[in-house]
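Residue numbering for the sequence shown follows UniProt numbering, beginning at 1 and increasing consecutively.
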Amino acid sequence: MYAWWQHFACPLGLRCFHLQCRPRLGQLGQLLHQPDPNVVGSVTTAYAVGSILAGFFLCGPVSDRFGRKIAMVTGCVFVIIATFVSCFTPRSIGGYIAGRAIVGIGQGFALPAGPTYINEIAPYESRGKIMSFW
Numbered sequence: 001m002y003a004w005w006q007h008f009a010c011p012l013g014l015r016c017f018h019l020q021c022r023p024r025l026g027q028l029g030q031l032l033h034q035p036d037p038n039v040v041g042s043v044t045t046a047y048a049v050g051s052i053l054a055g056f057f058l059c060g061p062v063s064d065r066f067g068r069k070i071a072m073v074t075g076c077v078f079v080i081i082a083t084f085v086s087c088f089t090p091r092s093i094g095g096y097i098a099g100r101a102i103v104g105i106g107q108g109f110a111l112p113a114g115p116t117y118i119n120e121i122a123p124y125e126s127r128g129k130i131m132s133f134w
């Protein structure tokens, strides 16, 4: 019975995400004077592409060579840079897409390194409980 609820909760969570975010994509395109669905779709895709590229190819070597903290700080720096890029290009779709891609790169660095770092510093006795919150 427990496994059934797990398999039910994951698609439900994804569906709720789409119910919240999908209606706003058209408004975002109209705000940026780009009603083309391909351009609006590239706004959401840029985050995923940046996250995949950084998470798969960059985070592992950086965190192994320089440490998990450096990888997390690098991710935070990328997110801060992306915030300024997105903020100071308010009506430029190219700047907004670039900001989303840079946020994805930052998250690609920070998200894989975070649980690994927590797992490394947590006491053995409580590691399972601590990691269950992640």
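Glycine is no exception: its CB is placed at the ideal position from the N, C-alpha and C atoms.
- If you ignore the 5 residues before and after serine 42, its C-beta comes within less than 8 Å of the C-beta of Ile97, all in its own chain and listed in chain order.
- In this chain, threonine 89 is not harboured by any alpha helix (DSSP H), its DSSP state being neither H nor E.
- Counting along the chain, serine 63 sits inside the alpha helix (DSSP H) bounded by residues 59-66.
- Contact annotation: alanine 113 and serine 63 have beta-carbon atoms nearer than 8 Å.
- Taking 8 Å as the cut-off, the beta carbon of alanine 82 is found no closer than this to the beta carbon of glycine 108.
- If you look at glycine 41, you'll find it in the alpha helix (DSSP H) that goes 37-53.
- Distance between glycine 106 and glutamate 125, taken at the CA atoms: about 32 Å.
- The continuous alpha helix (DSSP H) containing serine 132 extends over residues 127-132.
- Between the alpha carbons of asparagine 38 and valine 49 lies a gap of roughly 15 Å.
- With 16 or more other Cβ atoms from the protein chains shown falling within 10 Å of its own Cβ, glycine 75 counts as buried.
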